[in-house]
């Protein structure tokens, strides 16, 4: 992803603010022989992109940050709640066969297993279901709680967690998804899911922001 590409006028504005900041918008416009209204969109872009900072009755400051630094700061502020998707859950007593059907019907790679109180007790991956189906067992008679990964051996996150931190967990644990949970008096309630697809959406959104 490339830093935002500035036009010539925006580069001139940055240089003026670097050399003379803090400086008002009116003063910048005078130096460029432009009206304040003509300059306003450029100042808005530079401020929103993070190149400039503006303070009422004082003027514009140059932040001293490069496009890469600004992009890094943006990434570090993204939270799970901004990108989480709807979780797909199954009861701990459903059969492996039913879990396989659910996984394919919902087109997901991970199922979260809950008990009768709707609290997280396990996780089912494609690999778990594949291993269970390789033998000669009758899949309609095997409950998923036999083959699932159980608490506390489950990687979870909260909606307030940073996306970058969860991405690190996905890589370190070599897993495809984590449940987004909320703590209750009885246990963890599943309120969302974060997957590698969600992480890809982050990259696409950031790339789109940088290009436009």
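Residue numbers (the UniProt record's numbering): 1 to 212.
Backbone N, C-alpha and C define an ideal beta-carbon position, used for all residues, glycine too.
Item	Value
Given that a residue counts as buried once 16 or more other Cβ atoms are within 10 Å of its Cβ, and exposed if not, what is residue 42?	buried
Figure out for me which residue from 52, 23, 18 and 13 has the closest Cα to the Cα of residue 39.	13
Just to confirm, are residue 83 and residue 198 a CB contact at a threshold of 7 angstroms?	yes
Kindly list the residues whose CB is nearer than 6 angstroms to the CB of residue 192, restricted to its own chain and excluding five residues on each side of it in sequence; keep chain order.	84, 87 and 180
By Cβ distance, which residues of its chain are closer than 7 angstroms to residue 166, with the 5 residues on each side in sequence left out?	80, 157, 178 and 194
In angstroms, rounded to a whole number, what distance separates the CA positions of residue 18 and residue 119?	55 angstroms
What separation, rounded to the nearest whole angstrom, lies between the Cα atoms of residue 201 and residue 90?	26 angstroms
Count the other CB atoms, across all protein chains shown, that sit within 10 Å of the CB of residue 184; report buried if there are 16 or more and exposed otherwise.	exposed
Could you pull out every unbroken alpha helix (DSSP H) segment of at least 4 residues lying fully inside the region 151-178, listed in chain order?	163-173
Determine the direct distance from the alpha carbon of residue 24 to that of residue 32, and round the result to whole angstroms.	13 angstroms
If you compare alpha carbons, which of 22, 46, 21 and 20 is closest to residue 9?	46
By Cβ distance below 6 angstroms, which residues in the same chain neighbour residue 126 in space, the five residues on each side in sequence not counted?	109
From residue 123 to residue 76, what does the alpha carbon distance come to, in whole angstroms?	28 angstroms
Can you find the residues in the same chain that come closer than 8 angstroms, C-beta to C-beta, to residue 196, ignoring five residues on each side of it along the sequence?	170, 176 and 177
Determine the direct distance from the alpha carbon of residue 5 to that of residue 27, and round the result to whole angstroms.	24 angstroms
Distance check for residue 206 and residue 138, CA to CA, integer angstroms please.	47 angstroms
So who's on the other strand from residue 52, going by DSSP bridges?	62
Mapping DSSP to helix, strand and coil, what is residue 25?	helix
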